[in-house]
Amino acid sequence: MNKKRMQPWPYLLIAPALLFVASVIFVPVLNAITMSFQNYDLRRPQNIGFTGLENYSAIMIDREFWSSLGNTVVWVLLAVSLQFVFGFIFALLLNKPFRGRGVIRSVSLIPWVTPGVLIGLMWRWIFDGNFGVLNDLLLRAGMIQEKIPFLSQTTTALPSVIVAIIWQGIPFFALMLLAGLQGIPGELYEAADIDGASGSQKLFQITIPSLKNTIYVTTLLRIIWVANSVDVIYNMTEGGPAKSSQTLSVYIFLKGNQLNLGYSSAMAVLLAIMLSLVAVPYLRQMFRQN
């Protein structure tokens, strides 16, 4: 049997795209890994040099790193899970025929397409302790007796930024799950109706199993994006007060602003490894389903 001749043209055609991806993604990643093994502090450029695992050893005893990591776990778990729940409910509602559905679908994209900086500033105004809309509404409704400094209290700062990121991410889940819902054959629901299946039975035995791959992909993407999110938190609280809303990505950003690029690169590498450990089970399960 003759072997097929390898055609070079497909590889030549995608070469420019591969070079672009390599220059934009892989080169910076390799540069960050290299800097993580260096004392790369631009405030003292004369001391820049290879230090081995010194940055990683310092991270292990850095209390701020561990508190930021704990905040990150809470931030990701609450934000992504609630985004999914509300997004799924919204997708089920949008999947039903009603007048103006197209307009509502378009309007629902606004939180998702709004830049994170603007979202942070908008929700900072909503939660403002002096002139915020939320305090005004709660006072008028008689639910509180005095204004609450939501972003200035350690107990309410992190929940406040979680509310903001939930609002931003609901449309992503809603539209992705809506696309999956529209791909489910209607015959399955007709057969279930004939068999006398209830609404909850159709939900758990038809809808959710049919959306498994979509759920895996969307959840994994949101976990990665939310864990790396900086703009919303930084523009609302800058990680405060007393580091109570500081996630690991914000801590990395702040260290980078202090020009300690070696230390921030080491934390970024650890964050990438942790996210990879989260991604592997998701990808394995998805491939197993396929």
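As numbered in numbering that gives the first Met the number 0, residues 0 to 289 make up the sequence shown, in order.
Even glycine gets a Cβ: it sits at the ideal position worked out from N, Cα and C.
Quantities reported herein were computed from a predicted structural model and do not represent experimental measurements.
| Check | Outcome |
| --- | --- |
| Nearest neighbour of I164, chosen from L176, L187, N234 [CA to CA] | N234 |
| Terminal residues of the alpha helix (DSSP H) in which G119 lies | 115 to 125 |
| Identified DSSP bridge partners for N259 | D40 |
| With 16 other Cβ atoms within 10 Å as the buried cut-off, status of R283 | exposed |
| Whole-Å CB distance - I232 paired with L274, under 8 Å assumed | Wrong, their Cβ atoms sit about 17 Å apart, outside the cutoff. |
| Sub-8 Å separation of S243 and L133 beta-carbons | no |
| Beta-ladder partner(s) of F49, from DSSP | Q37 |
| Host alpha helix (DSSP H) of V229 (start-end) | Where V229 is concerned, there is no enclosing alpha helix (DSSP H), given that its DSSP letter is neither H nor E. |
| Local Cβ density within 10 Å of L150, reported as buried at 16 or more and exposed below that | buried |
| Helix, strand or coil at A190 [DSSP, three-state] | helix |
| Spatially closest choice to D311 from Y215, V216, L247, by CA coordinates | What the structure shows of the chain is the stretch from 0 to 289, and residue 311 is not part of that stretch, so it cannot be assessed. |
| Closest Cα partner of Q82 within the set W111, G185, I24 | W111 |
| Cα-Cα separation between F286 and A178, rounded to whole angstroms | 20 Å |
| Simplified DSSP assignment, three categories, for G185 | helix |
| Cβ-Cβ distance between S107 and A173 below 8 Å | yes |
| The segment 193 to 201 in contact with the segment 250 to 266 per 3-pair CB rule at 8 Å | no |
| C-alpha distance - P148 paired with S159, whole-angstrom precision | 11 Å |
| Residue span of the alpha helix (DSSP H) that contains K201, given as start and end | 198 to 201 |
| Beta-carbon gap between N38 and N30 smaller than 8 Å | no |
| W74 and V225 closer than 8 Å at C-beta | yes |
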